[in-house]
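Chemist: Structure provided below as structure tokens; questions to follow.
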Amino acid sequence: MPKAFAQIAFTPAAQFFQDRYGTKEAYATFLEGEELTGHQIEPDHAAFINRMDGFYLSTLSQTGWPYVQFKGGPRGFLRVLDDQHFAYADYRGNRQYLSAGNISQNARVSLILVDYETQQRLKIWGEAQITSLEEDREFVMDIMPENYKADPERAITIKTKALEWDCPRHIPKRASVAL
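What follows is the structure, encoded as structure tokens:
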């Protein structure tokens, strides 16, 4: 378990419950040491991210309410850019702009990527940046999947702060059908 994940996730409240249920000591070692680990996209993370056809994105509203949205597209619509950044083209949808509005006020996001076929799950914490089509059309169109019938309105680039492979327990086995 990477230190970056533990620093973000193991809040005093989480540690209270770890202590209460007897797991705090087992996890304490992940908060020790000077070296920060688990904040960069490693090759296994990149391969997983690049093959996704969907993910769950969590943002926070200005009033503090969490919002979770499913984002989907063809395999590869989520693109790793370097060892700390990945991006996706944000397509026109129901036009409520909840995630975009939330990101514009609070860049902190959390994502869960699930491969139901292999029962793998990756949790990601990061900071998101919006790039509108008007700001940088070339970038938005460059990350837009080829021949995908959607209208991109912006790109969302996420700088990773922590990545953690999650336990596969209780992930239902499912298969994606290409549309």
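Residue 135 in this note's numbering sits at position 116 of the sequence shown, and the numbers go up by one each step.
For each residue, glycine too, the CB sits at the ideal point set by N, CA and C.
A quick note: this is a predicted structure, and the numbers were derived from the prediction, not measured.
For a quick check, are the C-beta atoms of leucine 141 and aspartate 185 less than 8 Å apart?
Modeler: A contact, by the Cβ cut-off of 8 Å.
Chemist: If leucine 97 sits next to asparagine 121, beta carbons under 8 Å apart, how far is it from one beta carbon to the other, in whole angstroms?
Modeler: Their Cβ separation, rounded to whole angstroms, is 19 Å, which puts leucine 97 and asparagine 121 out of contact at 8 Å.
Chemist: Can you tell me the Cα-Cα spacing of serine 123 and tryptophan 84, whole angstroms?
Modeler: Approximately 15 Å, taken between the alpha carbons.
Chemist: Taking the alpha carbon of lysine 204 as the reference point, which residue from Tyr110, Gln148, Gln103 has its own alpha carbon closest?
Modeler: The question about residue 204 has no answer, for the chain in this structure spans 20 to 198.
Chemist: Enumerate in chain order the residues of its own chain whose CB-to-CB distance from histidine 64 is below 6 Å, with the five nearest sequence positions on each side excluded.
Modeler: Leu182.
Chemist: If we count the other Cβ atoms within 10 Å of its Cβ and call it buried at 16 or more, is glutamate 71 buried or exposed?
Modeler: Reading off the sequence shown, one finds methionine at residue 71, where the question assumed glutamate. Per the 10 Å Cβ criterion, buried.
Chemist: Let me know the beta strand (DSSP E) ranges lying completely inside the region 27 to 104, each 3 residues or longer, listed in chain order.
Modeler: Here the runs fully enclosed are 73 to 79, 85 to 91, 98 to 101.
Chemist: Quick one, are the C-beta atoms of leucine 79 and asparagine 113 less than 8 Å apart?
Modeler: No, these two residues do not count as a Cβ contact at 8 Å.
Chemist: Check whether the Cβ atoms of isoleucine 177 and isoleucine 149 lie closer than 8 Å to each other.
Modeler: Contact flag unset, no.
Chemist: Go through its chain and collect everything with a Cβ distance to glutamine 37's Cβ below 7 Å, but skip five positions before and after it.
Modeler: For glutamine 37, where only same-chain residues beyond five positions count, the Cβ hits under 7 Å are Lys43, Tyr46.
Chemist: Return the residue from the list Arg39, Val87, Lys192, Lys22 that minimises the CA-CA distance to isoleucine 131.
Modeler: Measuring from the Cα of isoleucine 131, the nearest candidate turns out to be Val87.
Chemist: Near glycine 52, what residues of its chain come up, given a Cβ to Cβ distance below 8 Å and the 5 sequence neighbours on each side ignored?
Modeler: Hits under 8 Å: Lys22.
Chemist: Taking only runs of the alpha helix (DSSP H) that begin and end inside the region 140 to 184, which ones reach a length of at least 4 residues, in chain order?
Modeler: Counting only runs of 4 or more, we get 156 to 162.
Chemist: Could you pull the start and end residues of the alpha helix (DSSP H) that serine 118 belongs to?
Modeler: Run containing serine 118: 117 to 124, per the alpha helix (DSSP H) assignment.
Chemist: What are the partner residues of alanine 108, as DSSP defines its beta bridges?
Modeler: BP columns for alanine 108 point to Ala174.
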